[in-house]
DNA sequence: TGACGACTTAGAACGATTCTAAAGCTAGAA
DNA sequence: TTCTAGCTTTAGAATCGTTCTAAGTCGTCA
């Protein structure tokens with residue numbers, strides 16, 4: 005598990021000016037949540053600092069992403085989710101119904117390679133694996149069963 | 005290479021009513037293009053059928069997706085691209101600069117597995133692998149070089 | 001104290017997509 | 001052939017997440 009202070013500590017040590025607004029956004033991110041949307045982060049931040057504006061949440065998130073401290077995930081609904089867990093390599097499991105992401109560490113992922121003939125002259129910078137499925141809560145809602 | 009008539013043939017044999025508008029959308033999809041956005045498909049369709057409306061393009065694409073004949077890809081810009089090549093299993097290579105997708109067939113992808121302990125009770129329905137990189141055209145634009 | 005730069009804010013603007021309500025087509029019945 | 005019911009198309013409005021704008025606030029350093 006990630007040290008809950010990690011993100012804020014990293015930001016401080018990078019000399020990032022830590023206003024009250026930025027702090028509540030960072031705190032919301034590093035809590036033990038699934039990866040949240042900007043909207044969810046906004047409402048969580050608001051519980052702690054009522055005056056914070058949506059624009060500040062968006063500004064802060066955009067800045068954290070461009071600093072490389074937070075990663076953006078796009079669910080199938082097109083809405084961005086924010087993943088603060090950049091320090092540890094991992095992939096994702098997405099519920100196709102409720103669009104929730106979970107971090108996962110698949111086996112065999114280091115064996116995946118793109119043959120030269122399929123690189124089309126690209127400079128490769130990364131690879132993401134997304135498993136898709138239906139989470140337990142949505143299985144109940146949908147009335148589906150896991151036959152395995 | 006996919007038979008260029010495949011998509012339209014499949015649709016016809018499924019009893020899908022093939023209007024002029026739907027035909028030009030399907031033809032645009034199955035041409036030898038990279039995976040296009042709705043906007044790009046609209047302008048291509050328009051070259052062949054000037055009166056076609058944007059709404060029809062969106063309606064048709066949505067229907068093709070829900071029929072399972074076309075797959076949606078979300079680039080990092082949040083804009084949907086449409087992949088008509090559902091018949092053959094494949095993964096994707098995305099240019100992080102121009103957001104173009106190419107189909108690829110990595111090696112070792114069948115060795116990737118999610119351990120039981122990491123499934124969190126999900127019913128798994130699929131796995132997508134997306135390689136990211138910079139395409140040759142964008143390398144020129146950006147002035148970066150491939151050192152390998 | 002003043003001034004500058006960084007940060008925040010409300011609200012407008014934006015862009016992709018979906019919705020709405022009306023009009024147009026088409027296949028098959030009469 | 002004509003009629004009709006249902007599917008399809010249309011323009012434009014609406015939606016929603018996100019970004020932009022321009023003004024206001026704050027903190028820091030001289």
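Protein chains in written order, with our numbering: chain A, 5 to 152; chain B, 5 to 152. For each residue, glycine too, the CB sits at the ideal point set by N, CA and C.
Are residue 137 of chain B and residue 129 of chain A touching if we call contact CB-CB under 8 Å?
-> If you number the second chain from 1, residue 137 of chain B lands on position 133. If you number the first chain from 1, residue 129 of chain A lands on position 125. For residue 137 of chain B and residue 129 of chain A, yes; Cβs fall inside 8 Å.
Mapping DSSP to helix, strand and coil, what is residue 142 of chain A?
-> Walking along the first chain from the start, residue 142 of chain A turns up at place 138. In the three-state DSSP reduction, residue 142 of chain A falls in the helix class (H, G or I).
CA-to-CA distance, residue 18 of chain A to residue 105 of chain B, given in whole angstroms | Residue 105 of chain B sits at position 101 when you count from the first residue of the second chain. Residue 18 of chain A sits at position 14 when you count from the first residue of the first chain. Whole-angstrom Cα-Cα distance: 35 Å.
Bridge partner(s) assigned by DSSP for residue 126 of chain B = Here residue 126 of chain B refers to the residue found at position 122 when the second chain is read from its first residue. Note: residue 126 of chain B sits in no beta bridge, so no partner.
Please report how far the alpha carbon of residue 135 of chain B lies from the alpha carbon of residue 77 of chain B, in whole angstroms.
-> As a first step, residue 135 of chain B is located in the second chain; it is residue number 131 there, counting from the start. As a first step, residue 77 of chain B is located in the second chain; it is residue number 73 there, counting from the start. Residue 135 of chain B and residue 77 of chain B have their C-alpha atoms roughly 13 Å apart.
Residue 71 of chain B classed as buried or exposed, judged by whether at least 16 other C-beta atoms fall within 10 angstroms | Against the second chain, residue 71 of chain B aligns to sequence position 67. By the neighbour-count rule (16 or more Cβ atoms within 10 Å), residue 71 of chain B is not buried but exposed.
In chain order, what residues of the same chain lie with their CB nearer than 8 Å to the CB of residue 33 of chain B, ignoring the 5 residues before and after it?
-> Position 29 of the second chain, counted from the first residue, corresponds to residue 33 of chain B. Closer than 8 Å at the Cβ level, and outside the excluded window around residue 33 of chain B, lie 11, 40, 45, 68, 74, 86, 88.
Could you list which residues in chain A have their beta carbon closer than 8 Å to that of residue 139 of chain B, in chain order?
-> Locating residue 139 of chain B in the second chain gives position 135, where the first residue counts as 1. Per Cβ cutoff of 8 Å: 124, 125, 126.
Tell me whether residue 118 of chain A is buried or exposed, calling it buried when 16 or more other Cβ atoms sit within 10 Å of its Cβ.
-> Against the first chain, residue 118 of chain A aligns to sequence position 114. When all chains shown are included, residue 118 of chain A counts as buried.
At which residues does the alpha helix (DSSP H) containing residue 29 of chain A begin and terminate?
-> Your numbering for residue 29 of chain A matches position 25 in the first chain. Per DSSP, residue 29 of chain A belongs to the alpha helix (DSSP H) from 24-34.
Residue from B/24, B/35, B/131 whose Cα sits closest to the Cα of residue 113 of chain B | Here residue 113 of chain B refers to the residue found at position 109 when the second chain is read from its first residue. With distances taken between Cα atoms, residue 113 of chain B lies closest to B/131.
Endpoints, the alpha helix (DSSP H) within which residue 13 of chain B is located = In the second chain, residue 13 of chain B corresponds to position 9, counting from 1. First-last of the alpha helix (DSSP H) with residue 13 of chain B: 10-17.
Since I believe residue 110 of chain A is in contact with residue 170 of chain A (beta carbons under 8 Å), could you give me their beta-carbon distance rounded to a whole number of angstroms?
-> Here chain A has residues from 5 to 152 only, and residue 170 of chain A is not among them.
Helix or strand or just coil, what does DSSP make of residue 85 of chain A?
-> Numbered from its first residue, the first chain carries residue 85 of chain A at position 81. The answer is strand: DSSP assigns residue 85 of chain A an E or B state.
Who are the near neighbours of residue 61 of chain A in its chain, counting only those whose CB is closer than 7 Å to its CB and skipping five residues on each side?
-> Position 57 of the first chain, counting from 1, holds the residue named residue 61 of chain A. Result list for residue 61 of chain A: 29, 42, 45, 46, 49, in chain order.
Helix, strand or coil: which one does DSSP assign to residue 115 of chain A?
-> Mapped onto the first chain, residue 115 of chain A falls at position 111. If DSSP states are grouped into helix, strand and coil, residue 115 of chain A belongs with the helices.
State buried or exposed for residue 15 of chain A, treating a residue as buried only when at least 16 other CB atoms are found within 10 Å of its CB.
-> The residue labelled residue 15 of chain A in the question sits at position 11 within the first chain. Classification of residue 15 of chain A: buried, given that the 10 Å Cβ count is 16 or more.
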